[in-house]
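*Asks:* One structure coming up, written as structure tokens, with questions to follow.
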Amino acid sequence: MKGLLYKDFCNLRQVGKQSLIVLGVFTVWSIFVKNSQLFSMMIPIYCMMMLFTAMSYDEMACFDKYALTLPVTRKELVKAKYILLCLLFAAGILIGSLGGMVLRAFLGSQMSLPEEAISAAAVGFLYLLAFEVLLPLVFRYGAEKARLFLAAVFLVAFGLLYGGFTVVKMTGVQVSLQLVLGVLCTGIILVFAGFFISYGLSVKIIKNKEW
Amino acid sequence: MEYAVEVEGLTKHYPGFTLDHVSFAVPTGSVVGFIGENGAGKSTAIKAILDLIQVDEGRVRLLGMENGARFPEIKEQIGVVFEESYFPDNLKIKDVDQMMKRIFHGWDSEKFFSYCRRFKLPETKCVKTFSRGMKMKLSIAAALSHQTKLLILDEATSGLDPIVRNEILDIFREFIEEEECTVFLSSHITSDIERIADYILFLHEGHVLFMEEKDRLLYEYGVVRCSHEKAERIEKKQIVGVRRNQFETEILVRDRREIQEETDLVIDRASLEDILLFTIKNGMDEEAENS
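Sequences listed follow chains A and B, in order.
Each residue of the first sequence is one higher than the one before, starting from 1 at the first, in this note's numbering.
Each residue of the second sequence is one higher than the one before, starting from 1001 at the first, in this note's numbering.
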């Protein structure tokens, strides 16, 4: 499995320069709109999108078919991609948070630091949840076709979020810190449970797949 | 006799095609050439052996283990080369080495780089810049650089020029010098198989037509070229296939020595290509007659 991850990093090496440009664009954009949160929220999604890039390279080369002739099990093939997702998520959160903090120091913010951290974490976990929904689809239909599902998944996710806020507003529930933390904790539990459900589904899909 | 690959009653249904109860065994230490027309089921059989598809019926033993391709310890000893190179385009030779080192316990970097040098593969360039021949050489180098006991090749020499093919066949010959090493080679290029194989496995429309020792096959089969009248005198049981034109009849016969003794016909040795072409043509003629 280490070999599979090594191969993915070799593939992603190709988008290194492009990523630096993207990092620069988000920095300039954040400065232009005077919002450090833009940077800390966009970088994790950019990093996680690299999973699709890695899977597209595999798809183009039909690498999975070849990998299964090596001492690699179908389960390991799936596991490697979920580990890559976690690593990209962690990298995105780290770069996003650090960059966001630096930009905040220059630009200032109307929100307190804990508020910003909570909102960045919430968005980060929402991205992760979206990818948990998407990964089994990628294994089933391939990376290129699954890109089409990406917009739909995000639309549904943000729709639900917006709907939730509207319901809270309409019912006049007081948004306390406790409520926010409660929702966040529930969300995190959901993301963790979703991760294992998604992994199980992907393993099942790959076990039944023919090459 | 020990067998590296044992296949029994392998069946796989697809819409419009069935690999139908295919059985054969590949003796350890031999080279088995796997021939058949396009769509005969060679790749399907290889995929089934490698557990890349789910079979409807039958069993496969690889290096003595039932469903061996499901076990990493068996796959450690198998090298596979397909028609295409499946290494991602952005990898360089040293990346392939580093990746394989992390996948195979018995990966031999020194051996891998020595093959790459022998094949004159550029170490600093990405796979995407390689020619088709270079990509195939890279796949072969990777397939041979661990403790490989069984080499499975699916059309690995197709589309390569004769010089590269010759170079690759030499490598296979070196590989089988070790007694325990086995090669299972599927190819359309019958001349390659004729040069290297010990046994010929012939698959036609999803069925095994025969598995014979190559030397026996080439020694016994013959092609008779004679007039239409003389052709009538040949016993039906001897005839594998017939080709007729305006001037003469060509007949592939099973035992050219027996016919030689009984008749005054001129009989040439049959090549593997003759055997393949006559047999397939005969099948097509029979189908046409039945319909």
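Ideal Cβ positions, reconstructed from N, Cα and C, are used throughout, including at glycine.
The structure displayed is predicted, hence computed values, not measured ones.
Per the contact definition of three or more C-beta pairs closer than 8 angstroms, is the region 1201 to 1212 of chain B in contact with the region 1238 to 1251 of chain B?
*Replies:* no
*Asks:* I want to verify the contact list: residues of chain A whose CB lies under 8 angstroms from the CB of D1089 of chain B, in sequence order.
*Replies:* Y57, M60, A61
*Asks:* Could you tell me whether the region 30 to 42 of chain A touches the region 109 to 126 of chain A, using the rule of 3 or more Cβ pairs below 8 angstroms?
*Replies:* yes
*Asks:* Using 8 angstroms for Cβ pairs, my map puts V22 of chain A next to Y46 of chain A. What's the rounded Cβ distance?
*Replies:* A Cβ-Cβ separation of about 6 angstroms places V22 of chain A in contact with Y46 of chain A under the 8 angstroms criterion.
*Asks:* Could you list the residues in the region 1034 to 1059 of chain B with a C-beta less than 9 angstroms from some C-beta on chain A, going in chain order?
*Replies:* K1047, L1050, D1051, L1052, I1053, Q1054
*Asks:* Give me the residue from B:A1141, B:A1045, B:F1104 with the minimum Cα distance to I1074 of chain B.
*Replies:* B:F1104
*Asks:* For the 8 angstroms Cβ check, are there 3 or more pairs between the region 167 to 186 of chain A and the region 117 to 124 of chain A?
*Replies:* Contact between the region 167 to 186 of chain A and the region 117 to 124 of chain A is established, with three or more Cβ pairs separated by less than 8 angstroms.
*Asks:* Using a C-beta cutoff of 9 angstroms, does T171 of chain A count as contacting chain B?
*Replies:* no
*Asks:* I believe F165 of chain A touches M48 of chain A by the beta-carbon criterion, under 8 angstroms. Please report the beta-carbon distance rounded to the nearest angstrom.
*Replies:* So it is not a contact: roughly 24 angstroms between Cβ atoms.
*Asks:* Interface residues of chain B around P71 of chain A at Cβ under 7 angstroms?
*Replies:* What P71 of chain A touches in chain B, judged by beta-carbon distance under 7 angstroms, is P1072, K1075, E1076, I1103, F1104, going in chain order.
*Asks:* Of all Cβ atoms in chain A, is any one closer than 9 angstroms to the Cβ of Y1086 of chain B?
*Replies:* yes
*Asks:* If you draw a straight line from the C-alpha of T1044 of chain B to the C-alpha of A1143 of chain B, how long is it?
*Replies:* 20 angstroms
*Asks:* Mind checking whether K207 of chain A and K75 of chain A have CB atoms under 9 angstroms apart?
*Replies:* yes
*Asks:* Indicate whether the contact test is met: 3 or more Cβ pairs, each with one atom in the region 1088 to 1103 of chain B and one in the region 1181 to 1192 of chain B, closer than 8 angstroms.
*Replies:* no
*Asks:* Can you tell me whether R104 of chain A is buried or exposed? The criterion is at least 16 other CB atoms within 10 Å of its CB, across all chains shown.
*Replies:* Around the beta carbon of R104 of chain A, a 10 Å sphere encloses 16 or more other beta carbons of the protein chains shown; the residue is thus reported as buried.
*Asks:* Determine, using beta carbons only, whether Y82 of chain A comes closer than 9 angstroms to chain B.
*Replies:* no
*Asks:* V72 of chain A and L12 of chain A - do their beta-carbons sit closer together than 9 angstroms?
*Replies:* no
*Asks:* Since Y1086 of chain B is in the beta strand (DSSP E), which residue starts that stretch and which ends it?
*Replies:* It is not in any beta strand (DSSP E) - Y1086 of chain B carries neither H nor E in the DSSP assignment.
*Asks:* Using a Cβ cut-off of 7 angstroms, pull out every chain A residue sitting near M1100 of chain B, in sequence order please.
*Replies:* G3
*Asks:* Could you have a look at F1247 of chain B and say whether DSSP puts it in helix, strand or coil?
*Replies:* coil
*Asks:* Would you check if the distance between the CB atom of L1010 of chain B and the CB atom of I1152 of chain B is smaller than 9 angstroms?
*Replies:* no
*Asks:* Quick check on the DSSP output: what are the complete alpha helix (DSSP H) runs of length 4 or more inside the region 1106 to 1155 of chain B, in order along the chain?
*Replies:* The region 1106 to 1155 of chain B contains these whole alpha helix (DSSP H) runs: 1109 to 1118, 1132 to 1144.
*Asks:* Assuming F1301 of chain B is part of the beta strand (DSSP E), what are its boundary residues?
*Replies:* Nothing can be reported for residue 1301 of chain B: it is not among the residues displayed for chain B, which extend from 1001 to 1291.
*Asks:* Confirm, please, whether the CB-CB distance from K65 of chain A to L1150 of chain B is below 9 angstroms.
*Replies:* no
*Asks:* Evaluate contact between the region 1254 to 1263 of chain B and the region 1183 to 1203 of chain B, counting only Cβ atoms and requiring at least three cross-stretch pairs below 8 angstroms.
*Replies:* no
*Asks:* Within this structure, are the beta carbons of M1 of chain A and I83 of chain A separated by less than 9 angstroms?
*Replies:* yes
*Asks:* Answer yes if the region 1166 to 1180 of chain B comes into contact with the region 1199 to 1210 of chain B, meaning at least three C-beta pairs across the two stretches below 8 angstroms, and no otherwise.
*Replies:* When C-beta atoms of the region 1199 to 1210 of chain B are compared with those of the region 1166 to 1180 of chain B, fewer than three pairs fall below 8 angstroms, so the two segments do not count as touching.
*Asks:* So with CB distances below 9 angstroms, who are the chain B contacts of E210 of chain A?
*Replies:* K1047, L1052, I1053, Q1054
*Asks:* On the three-state DSSP scale, how would you describe G108 of chain A?
*Replies:* coil
*Asks:* Would you mind giving the Cβ-Cβ distance between L20 of chain A and L51 of chain A, rounded to the nearest angstrom? I have them listed as a contact below 8 angstroms.
*Replies:* Actually they are not in contact, since the Cβ atoms of L20 of chain A and L51 of chain A sit about 19 angstroms apart, beyond 8 angstroms.
*Asks:* Got a sec? Which residues, its chain only, sit under 7 angstroms from D1056 of chain B by beta carbon, not counting five neighbours each side?
*Replies:* Answer for D1056 of chain B: T1011, K1012, H1013, listed in chain order.
*Asks:* Anything in chain A within Cβ reach of V1080 of chain B, meaning under 7 angstroms, just list it in chain order.
*Replies:* T69
*Asks:* Just to check my reading of the structure: C1126 of chain B and L1091 of chain B have Cβ atoms closer than 8 angstroms, yes? What is that Cβ distance to the nearest angstrom?
*Replies:* About 7 angstroms; that satisfies the 8 angstroms criterion.
*Asks:* Going along the chain, which unbroken runs of the alpha helix (DSSP H) with 4 or more residues stay wholly within the region 24 to 102 of chain A?
*Replies:* Counting only runs of 4 or more, we get 36 to 61, 63 to 67.
*Asks:* Given a cut-off of 9 angstroms on the beta-carbon distance, is the pair T1249 of chain B and R1216 of chain B in contact?
*Replies:* no
*Asks:* Would you mind working out which of B:K1230, B:E1220, B:K1237 sits nearest I1275 of chain B, comparing C-alpha positions?
*Replies:* When each option's Cα is compared against that of I1275 of chain B, the closest is B:E1220.
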